[in-house]
Structures are given as C-alpha cells and as structure tokens.
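Taken in sequence, the protein lines are chains Y and U. Heads up: the first sequence at position 211 corresponds to 211 in our numbering, and the numbers run straight through without jumps. Heads up: the second sequence at position 4 corresponds to 1004 in our numbering, and the numbers run straight through without jumps. Just below is one structure, and these are the notes that go with it.
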Amino acid sequence: MTSRWISGCQGLYRRVSRAFPHEFRMVCGDGLERLGEDLAPLIWREQGALGLIRLFTDIALRLPVEYVTAWVNTTKEATMADDLFEGTWKANHAKSAWDPKFRPEQACLRFEATETGYLLVAYGVKDGQVCAERPNAIPTDGRRRPLVDLNGRPIPGVPPGAMVIGSRPDPYTLEGKVEVDGKSLSGGIYRVSEDGQTLTVTTEGMGLKGPFKVVAVFDRVAPDPYLPTS
Amino acid sequence: MPRKAPEKFLPLKSNWLHILLSLVEGEQHGYSIMQDVLERSDGKVRLWPATLYGSLKRLIQEGLIVESGERPAPELDDARRRYYKVTPLGRRVLDLESERLREIVRVLQAKRKLEA
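See the structure below:
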C-alpha cells in the first residue's frame, strides 16, 4: 500500500517536473524529476506526510516563478536592440592572419541567434572551389554539449566524445571550446568591435591537418543579403 | 549573457553560498549538493529539489558554475546524474563573500570588546 502511494507521488512529481518551461529544462535537464523521485521515498520514511507536503509545496511554488522568469526573458529579448553578432560577415584578408593551410580566397560567416546561443554558417571559396561548412551551434549558456551536427549526427573529423562549451563573458565577446576527455582540443574567441562593424575571430587548436592558429577579421555586410529588403 | 563584476553578486544569496561551498572542494551532482548542505548545517538547511535546481540554473546563467564534462571513476559514477563545478568567477565571488562575512564578524567582536 505504502509503496503504491510513494509510486503515485513519484509519478505526480515527474509530471509536475515536466511541466517546467523549456528554458528551465534546457539548463537543468531531467535533474529535477530524478532528484524528486529519488527523494520522495526517503522523505516519506524520515518525515512522513508532512515531508511530502513540503516536497510538493517546493515544486508548486517554483513552477510559476520559472514561468514568470521565462516570460520576462522572452520580453527582454523581444525589446532588445539589434544583436551585435547576428548578420553576415565577410573576411577582410588585409587585416587577417590566416594559417596557410586554412587560407581561403573568400570567406563569409553568418550568425543567427538561437535559444541557446548562435547558429554559425561558414562558407566561401577555397582552392577555386565554392565550399561551405556544416552549420555549427555556438552555445553561450555555459552548458556542455556533445559536438554533433544539427541533426544529432557525428561530424566527420571530430573525435568521438567531443564536447562543446561556450559562454558570453561580455556583450561583445563569445568564447567557445571543444574538449575531448576533459582536455581542450580547440578554442575560439569571437569579438565584435564597439561600433558593431568588425568581427575578429581567433581560433587555435588541433585540426585534421595538424595544429593551427587563425586570426581572421571580418567586416559586417550591410545590408544583410539574407534579410528581405522591403 | 554578459558577466557581472564579482562584487555585484554581494551579499551572496544564502542558497547560492551553500551551493558554492559544496562545490568548492570538487564536482558534485544535485543530490550530493543537497546532502552536503544538510550535513554541514546539522540538518537545519535542506535545499528542496526545485529550489536547488532553480538556484543551479541561475548560477549557471550567471557564470558562477558550469556543468562538468569530467566523470568520476565508473564504479563511483551514476550515469543519470549531471555534475557541476565552480568557475573562476564563482571562486572569486566566494572569496569576496567570505571576506565580507569575516569583516562583519570582526566589527561585531570589536563592538563586544568595547561593551566589555
């Protein structure tokens, strides 16, 4: 009887946990529901019904707080000035220091803001051939994620188990790095000038063709060719 | 999200202080943070799960902690868990908070001496 009662409580806790906003679940994953499920039998043994009431009061009070926080964040984003990174950038070879192995004839970057950071698309001309990298997610929320393509598939040349982590230490800077088994494989810093017209990308690490270091300067393409003109 | 200066976090919220204190010795998952806080406070402070995860989320967003990619030895690891560790900014904030608390204690002791 008791075990059925506890199972019911665990199921209810799981359902309430899953009702938390997407923003919360993106950061905390299923940690809350797992902890609540693990804790329910312990709390029942230690504190009885009063403990379970406190366990559910805690989650019932937190749920609306998280929805209000998510709503405030969405409102802030909607009223924010234009994003500093978003848009299309074209390489300025005169100001850049490319690694000879990676020097393209033309290079463009396109940043699009996402819920967790940015989507980066790199394309251009190398060795006379038009080429494009697979779109890359640059997280800025401090969370560590497996480095896979946008469909969740492995990226050719990326070692298995590679993780990507990124942050935005200030409004003008994005930092990201790729780690394998806790060791840094490569890292990049994207810095926009104060006037928002120049982007300096510094990347360093180990690539398919060996170690590399690139300092590439990009100028903003205005008007953005990907935005409707009217 | 732009990072605040370490001083801007002071005085540190009680829950944040407890969580950072738990993580200062090494990486921990949610359940072990909760147990650590409970033991350290002689059972007086229990961070209930939703409060704990709400605080962990805010600490991650503020850059004071990050989710850790390193896992303990397989025999000690619980694959379901996410581990968290304190960042250099988190350590700096914790240092500043401990200095602030030390100063409060120093002022209190000086006043007591004057009373005596």
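Even glycine gets a Cβ: it sits at the ideal position worked out from N, Cα and C.
For the C-beta of Ser167 (chain Y), the chain U residues within less than 7 Å are, from N- to C-terminus, Gly1063.
Chain order gives the chain U residues near Arg143 (chain Y) as Ile1060, Val1066, Glu1067, where near means a beta carbon separation below 9 Å. Residue pairing for Met206 (chain Y): DSSP places it in a beta bridge opposite Y:Pro211. Per DSSP, Pro1088 (chain U) is one residue of the alpha helix (DSSP H) stretching across 1088-1115.
Only those residues of the stretch 65-94 of chain Y whose C-beta falls short of 8 Å from the nearest C-beta of chain U are listed: Val65, Glu66. With a threshold of 8 Å between beta carbons, Ile59 (chain Y) makes contact with chain U.
Counting other Cβ atoms within 10 Å of its Cβ, Tyr226 (chain Y) stays below 16 and is therefore classed as exposed.
Cys9 (chain Y) has a beta carbon lying at 8 Å or more from every beta carbon in chain U.
Residue pairing from DSSP places Ser184 (chain Y) in a beta bridge opposite Y:Glu179. Closest in C-alpha terms to Pro1006 (chain U), from the list U:Ser1098, U:Lys1113, U:Gly1054, comes U:Ser1098. Within chain U, Tyr1053, Gly1054, Lys1057 have C-beta atoms less than 9 Å from the C-beta of Phe24 (chain Y), given in sequence order. C-alpha of Ile1065 (chain U) to C-alpha of Ser167 (chain Y): approximately 12 Å in a straight line.
For Pro1049 (chain U), the neighbours in chain Y by C-beta distance under 8 Å run, in chain order, Leu32, Leu35, Gly36, Leu39, Leu55, Asp58, Ile59. If you look at Asp1042 (chain U), you'll find it isn't in any alpha helix (DSSP H); DSSP assigns it neither H nor E.
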